[in-house]
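Engineer: Protein chains in written order, with this note's numbering: chain A, 919 to 1150; chain B, 919 to 1150.
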DNA sequence: CAAAAATAATGACAAATATCAATATATAGA
DNA sequence: TCTATATATTGATATTTGTCATTATTTTTG
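1) Can you round the beta-carbon distance between residue 1086(B) and residue 1137(B) to whole angstroms, since I take them to be within the 8 Å contact cut?
2) Given a cut-off of 8 Å on the beta-carbon distance, is the pair residue 941(A) and residue 1035(A) in contact?
3) Can you name the residues that DSSP bridges to residue 994(A)?
4) Any idea if residue 1029(A) is buried or exposed, counting beta-carbon neighbours within 10 angstroms, 16 or more meaning buried?
5) For residue 1032(A), which residues in the same chain have their Cβ closer than 7 Å to its Cβ, ignoring the five residues on either side in sequence?
6) For residue 1011(A) versus residue 972(A), is the C-beta distance shorter than 8 Å?
7) Round the Cβ separation of residue 1069(B) and residue 1109(B) to the nearest angstrom and send it over; I've been treating them as touching at under 8 Å.
8) Runs of 4 residues minimum, wholly inside the region 999-1074 of chain A: which ones carry the alpha helix (DSSP H) assignment?
9) Chain B beta carbons: is any one of them nearer than 8 Å to that of residue 1071(A)?
10) Terminal residues of the continuous beta strand (DSSP E) containing residue 979(B)?
11) Kindly list, in the order they appear in chain B, the residues whose Cβ is closer than 8 Å to that of residue 989(A).
12) From residue 961(B) to residue 1058(A), what does the alpha carbon distance come to, in whole angstroms?
13) In or out: residue 959(A) buried (at least 16 other Cβ within 10 Å) or exposed?
14) Quick one: is residue 1059(B) near chain A, going by C-beta distance under 8 Å?
15) Go through its chain and collect everything with a Cβ distance to residue 1143(A)'s Cβ below 7 Å, but skip five positions before and after it.
16) Is there contact between the region 994-1001 of chain B and the region 1038-1054 of chain B, where contact requires at least three CB pairs shorter than 8 Å?
17) Can you tell me whether DSSP reads residue 1099(B) as helix, strand or coil?
18) Taking 8 Å as the threshold (beta carbon to beta carbon), is residue 1018(A) in contact with chain B?
19) Tell me whether the beta-carbon of residue 989(B) lies closer than 8 Å to the beta-carbon of residue 1071(A).
20) Please list, in chain order, the residues of the region 1069-1095 of chain B that have any C-beta partner in chain A closer than 9 Å.
21) Per DSSP, what kind of secondary structure is residue 1131(B) in: helix, strand or coil?
22) Any beta carbon of chain A sitting closer than 8 Å to that of residue 1132(B)?
23) Within the 8 Å Cβ cut-off, does residue 1115(B) reach chain A?
24) Compare the C-beta of residue 1145(A) against all C-beta atoms of chain B and say whether one is closer than 8 Å.
25) Rounded to the nearest angstrom, what separates residue 939(A) and residue 932(A) at their Cα positions?
26) Going by DSSP, what residue range makes up the alpha helix (DSSP H) through residue 1122(A)?
27) Between the C-alpha atoms of residue 1146(B) and residue 1139(B), what's the straight-line distance to the nearest angstrom?
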């Protein structure tokens, strides 16, 4: 993990890409830009850990990051994948200043860190920014509901189907796609053992619904996959 | 369901009880009070249904309400119990103006409805109010994480233990407590069939951990119940 | 490059949980 | 009060899912 400040072209450029910055004026962006620390993480490195103090707003500017809750017996629940340019502001910032989930780079990644107080003060002074943030939190909440239903009411094939659809439509946005997520990660996204995840993938493969070679996935029959997602 | 306006003593009085109103000035409370519609619901009545337009801020001033996501095959997931004086503002208000969960009175209840735009405009004009709201949403999010871990990583005894602890500590805040939740509701809170929920309750009873008579519950061994929650 | 380590895959089996059917009990209406 | 209806309980059984052990494959490292 190495710290290099000012390597990229700064927040003004990011502002053109990251939705959250769109409603900020030049002066506001400059404040963020000045306080910003840019950090590089190698694949597999922990970015922050559940339970530790949460004092920063985080913006992922390159690579990909998994967010996961550490549960019992070393079991994890992956609650989301973050990619450029999206930001992370944990709920602890407004509650107890702790991280309530962990973040790990699943590719070589770059994150910009900014003191959370800068973010909080923007929330107070810029209503558009506050509204955008609440909108983002609301969308996350709706996604969490969907995941909760998937995890609690669907059987394993439905849950794996949901993971594949999520990766295809929300993360990689491509159909033959390559992932750096391990089989254990896919299991942690769908709340099952890695052996079960592997078995369901093999079933899908045998039925001609998907093609799998290592970490290269291709969904051959998207209709069928959506049907499996529906029927649980 | 009957509509009676101005029956209670108004928002200024409520303001002494509902945290969210504490940071509002008299003038702001009066705006809410004027636009407020008070509605009574009988136990079992639907207050709003998932999928319908969501246009109101809702404040529960008496009774008790369950919030639940309607999943597949008529299976529900209860995501929270709301009691006086707490408010409900679904995530749809900032996303698609739809309800993403349903609400049903589990006791005779009273709700005050206010146009969501009044709420949204307060968010924009009063930074303390906005911060309080974000804080509430953040706490809900943390609770959802806990529930997600309980539902996905604990076996049935651990999940039922979590439900009993939740009811005792967060909802009724009493130890022998009476609930209007059915066995099906307890199952919907813990993501299992009602038969399974009943069996686990019977096991706890046989082991002397709880006393159950109809809907009257008493936790006889709280330490043991917490231990079961921990060990999954 | 070879050895070691990590990850993936498979099979046999055990444990957890749901379903179905039957009965009991409580509750609401006539 | 009595009947009808909903809710709760129980047992038997089938299904789903996890665990453990083993082998294969890939990746890393010296």
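No residue lacks a Cβ here, since even glycine has one placed at the ideal position from N, Cα and C.
Structural biologist: Inspection of the coordinates gives the following:
1) Contact between residue 1086(B) and residue 1137(B) holds: their C-beta atoms lie close to 6 Å from each other, under 8 Å.
2) The Cβ-Cβ distance between residue 941(A) and residue 1035(A) does not fall below 8 Å.
3) DSSP, once it has assigned bridges, lists 988(A) as partnering residue 994(A).
4) Residue 1029(A) is classed as buried because its beta carbon has at least 16 other beta carbons within 10 Å across all chains shown.
5) 950, 953, 954, 974 and 975.
6) Their beta carbons are under 8 Å apart, which means residue 1011(A) touches residue 972(A) by this criterion.
7) Yes, residue 1069(B) and residue 1109(B) are in contact; Cβ-Cβ is about 5 Å, under 8 Å.
8) Whole alpha helix (DSSP H) segments, 4+ residues: 1034-1043 and 1045-1071.
9) Answer yes: the Cβ-Cβ gap between residue 1071(A) and chain B drops below 8 Å somewhere.
10) Secondary structure note for residue 979(B): its beta strand (DSSP E) is the uninterrupted segment 974-980.
11) Under the 8 Å cutoff, chain B gives 1067, 1070 and 1071.
12) The alpha-carbon atoms of residue 961(B) and residue 1058(A) are separated by roughly 31 Å.
13) Buried.
14) Chain A, which has a Cβ nearer than 8 Å to the Cβ of residue 1059(B), makes this yes.
15) Same-chain partners within the cutoff: 1079, 1082, 1083, 1127 and 1137.
16) Flag = no, the region 994-1001 of chain B and the region 1038-1054 of chain B do not touch.
17) Correct three-state label for residue 1099(B): coil.
18) With 8 Å as the cut-off, residue 1018(A) counts as an interface residue toward chain B.
19) Yes, they are a contact pair.
20) Flagged, chain order: 1069, 1070, 1071, 1072 and 1076.
21) Secondary structure of residue 1131(B) (DSSP, three-state): strand.
22) No, residue 1132(B) does not count as interfacial toward chain A.
23) Chain A contact via Cβ: absent.
24) Answer no: the Cβ-Cβ gap between residue 1145(A) and chain B never drops below 8 Å.
25) Each residue's alpha carbon lies about 8 Å from the other.
26) According to the DSSP assignment, residue 1122(A) belongs to the alpha helix (DSSP H) that extends over 1112-1124.
27) C-alpha of residue 1146(B) to C-alpha of residue 1139(B): approximately 11 Å in a straight line.
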